[in-house]
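In the working numbering, the protein residues as written are 1184 to 1944.
Quick reminder that beta carbons are idealized off the backbone N, C-alpha and C, glycines included.
The structure is reproduced here in structure tokens:
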């Protein structure tokens, strides 16, 4: 029977009481009035010791008897037709156990340097590499196109002769380009809004900004490369250890390729070394490893090396954005118009209009027109807040420029345009105070001498994403031990610890009392680690399971204490009567009475009890930088990052997520850039020597502030933070650059050449 309850929702200074109807046998959502013992506090990672001691097993660490080692032969050419493939010599090389072609068709089209052609499994990596050299391939080279501009020229050769559908993964944001028409190398436009109304609003605006912004291709560069170990336990049962963000998506793809029931494919991800969006699905390498293992009748390990990771394992697409923004004399933004062209190489998903269409949701007139532009380069993939660092770099600079044209403080203008967004307004106050925004010089370029200091800020917007149907199983044993299982993988955000905290909180125990087993598709369905949905997706199921286990323990304890089960509560490892606290039993005493040694319960992630409007996650960052106008070097001194993510589960790992996001955003802003040879199409910096990533000396002081927001939407009220933290960093630095120098920098990365170019403009 449904139960009606009242929840206190909102955040500091803005509280609302909401009536909620809950199904029977579900816990009351945690709201602002709940005083929790573990959740929302800081907890060190439960798997920290395993990681630092080396006992945590990553895919690379898996060693099986008679295991073979696989390597992939990749095309050295970016554009070619394969007329002939001869693998006979490779098949005879000592130690080689299996050779496959990735595609069986001849002729075969090559569309990027690094495209997979063949794969070999052998008794050693050396033998596999030597065998690759013996494969004979006849290439017919064709003209190469590596830039958006060249791909759009009249008469440019077509990358694809037929239409390409958008390839989506769990990590993609919900406002990507979608299904559109394709003409030549141009896929689109994907249109949102009414161009005529936007143009009219821009024409009547008191001030406008009209500018073009360019952002580069960034590769994911996770610490652990893509890879699998594939093992056929029988002719129709496949087990795969994978470095993946989606154990169940890998399972489903392999089951489909090999025409197996899902129950006959097991995917295990005990630990993984990051992914940032590139590790969804089995991939060409995963399918190849499974095929090789089947042919050879032995387990096969296939791990990509760093070069392969750069050229063929995904990237953040580049973008060229033409953006027009207009405001009235009061600073109220009236219209935003975005026309964006991006290239994900031979892939799709270069859309970047999320910020333009969603950040300032009160803007009355908005229009976006987006295109995928195909080039001879490796396919893009979801990358931490897909499209948003690019889109925010453009939008938040334009908003800043509006403020200067109106002689307004950029923060004041943003307040005006966020007046109905109480979360964002609170974050402005928190961030400005922590950062010391009131110390900011009013006039840009006010410092004398070559070293100029500037302050800047920028907003983020992301989405509250969660799935349903996820199941958490809890077993309570007669010795009092508790075990929770779910197939979700830990990409690095610390979901093991978060789950232990939620379960322990509900059961009145400590995290050390809870065993969490994850990363195995033999357990219940779990979410992918993408879109910042993991914690929001699985912690409500874990709490529901713990709640059901608690009720079961109350049923056992009630006759032991001589009280009704609905009079019982639990805390500090004891079950006690709420009416008479002297009546209590230790958790282990009650567990000893469990019939049959243990019991198990299953909790499920259902739809939210409340609909959030708008369903967004905010965030604002402030940057303090110095620009050496003689060398073009930017030094970031300090970043203050203020973020929200619903109810915080683990404050310590949340802080780490924000810091990591800022670091990756800074690295994108100042350093990272895939460089292709325009003649050959090959990546010339496919290593960590020339592909620059921010190092320890480049990292500024990072200060984090968390705004606790109590939504009451789910059992835990948790939302995501992985994506939002990386979105505004580049834009905040760019705005600080203008404040320091009086010049706009509209091209990423902000390395010395681009800085000097901007200073001389």
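{"Query": "As a quick exercise: from 1283, 1259, 1315 and 1420, pick the residue whose alpha carbon is nearest that of residue 1296.", "Result": "1259"}
{"Query": "So what does DSSP say about residue 1688, is it helix, strand or coil?", "Result": "helix"}
{"Query": "So, do the stretch 1563 to 1581 and the stretch 1491 to 1502 have three or more beta carbon pairs nearer to each other than 8 Å?", "Result": "yes"}
{"Query": "Roughly how many angstroms separate the alpha carbons of residue 1709 and residue 1434, rounded to a whole number?", "Result": "12 Å"}
{"Query": "With a floor of 3 residues, list each beta strand (DSSP E) that falls wholly inside the stretch 1466 to 1503, ordered by position along the chain.", "Result": "1483 to 1486"}
{"Query": "List the endpoints of the continuous alpha helix (DSSP H) containing residue 1759.", "Result": "Where residue 1759 is concerned, there is no enclosing alpha helix (DSSP H), although the beta strand (DSSP E) it sits in stretches over 1757 to 1760."}
{"Query": "Spatial neighbours of residue 1223 within its chain, please: CB distance less than 6 Å, with the 5 preceding and 5 following residues excluded, ordered by chain position.", "Result": "1831"}
{"Query": "Let me know if residue 1513 comes out buried or exposed under the rule of 16 or more other beta-carbons within 10 Å of its beta-carbon.", "Result": "exposed"}
{"Query": "Please report the residue range of the beta strand (DSSP E) in which residue 1204 lies.", "Result": "1197 to 1205"}
{"Query": "Use the C-beta contact count for residue 1442: other C-beta atoms within 10 angstroms, 16 or more gives buried, fewer gives exposed.", "Result": "exposed"}
{"Query": "Which residues does DSSP list as the beta-bridge partners of residue 1640?", "Result": "1805"}
{"Query": "Give a yes or no on contact between the stretch 1405 to 1422 and the stretch 1469 to 1478, applying the rule of three or more CB pairs nearer than 8 Å.", "Result": "yes"}
{"Query": "For residue 1829, list the residues DSSP reports as bridge partners.", "Result": "1901"}
{"Query": "Run through DSSP, which three-state label would residue 1517 get?", "Result": "strand"}
{"Query": "Based on Cα-Cα distance, which residue from 1302, 1921, 1885 and 1755 lies nearest to residue 1478?", "Result": "1302"}
{"Query": "Can you confirm whether the stretch 1739 to 1746 touches the stretch 1593 to 1613 when touching is taken to mean that 3 or more C-beta pairs between the two stretches lie within less than 8 Å?", "Result": "no"}
{"Query": "Would you list the residues sitting across from residue 1451 in a DSSP beta bridge?", "Result": "1424 and 1703"}
{"Query": "Can you check DSSP and say which residues form a bridge with residue 1550?", "Result": "1376 and 1520"}
{"Query": "Is it true that the CB of residue 1211 sits closer than 9 Å to the CB of residue 1201?", "Result": "no"}
{"Query": "Give me the DSSP bridge partner(s) of residue 1323.", "Result": "1264"}
{"Query": "With DSSP collapsed to three states, give me the class of residue 1312.", "Result": "helix"}
{"Query": "Could you name the residues that DSSP lists as bridge partners for residue 1620?", "Result": "According to DSSP, residue 1620 bridges with nothing at all."}
{"Query": "Under 6 Å Cβ to Cβ from residue 1698, same chain only, skipping five residues before and after it: list those, please.", "Result": "1666"}
{"Query": "Any chance the stretch 1754 to 1772 sits against the stretch 1630 to 1642, with 3 or more Cβ pairs inside 8 Å?", "Result": "no"}
{"Query": "Is residue 1708 helix, strand or coil by DSSP?", "Result": "coil"}
{"Query": "Please report how far the alpha carbon of residue 1376 lies from the alpha carbon of residue 1553, in whole angstroms.", "Result": "12 Å"}
{"Query": "Taking only the alpha-carbon atoms, compute the straight-line gap between residue 1711 and residue 1233 and give it to the nearest angstrom.", "Result": "23 Å"}
{"Query": "List the residues that DSSP assigns as beta-bridge partners of residue 1668.", "Result": "1656 and 1700"}
{"Query": "For residue 1764, does the three-state DSSP call read helix, strand or coil?", "Result": "coil"}
{"Query": "From residue 1924 to residue 1639, what distance separates their C-alpha atoms?", "Result": "12 Å"}
{"Query": "Nearest CA to the CA of residue 1406: which residue from 1275, 1645, 1459 and 1225?", "Result": "1459"}
{"Query": "Beta-carbon within less than 7 Å of residue 1166's beta-carbon, same chain only, minus the 5 sequence neighbours each way: which residues are those?", "Result": "Residue coverage of the chain in this structure runs from 1184 to 1944, which leaves residue 1166 outside it and unanswerable."}
{"Query": "Quick one: is residue 1328 buried, meaning 16 or more other Cβ sit within 10 Å of its Cβ, or exposed?", "Result": "buried"}
{"Query": "Count the other CB atoms within 10 Å of the CB of residue 1872; is the residue buried (16 or more) or exposed (fewer)?", "Result": "exposed"}
{"Query": "For residue 1218 and residue 1555, what's the separation of their Cα atoms in angstroms?", "Result": "49 Å"}
{"Query": "Please classify residue 1800: does DSSP put it in a helix, a strand, or coil?", "Result": "strand"}
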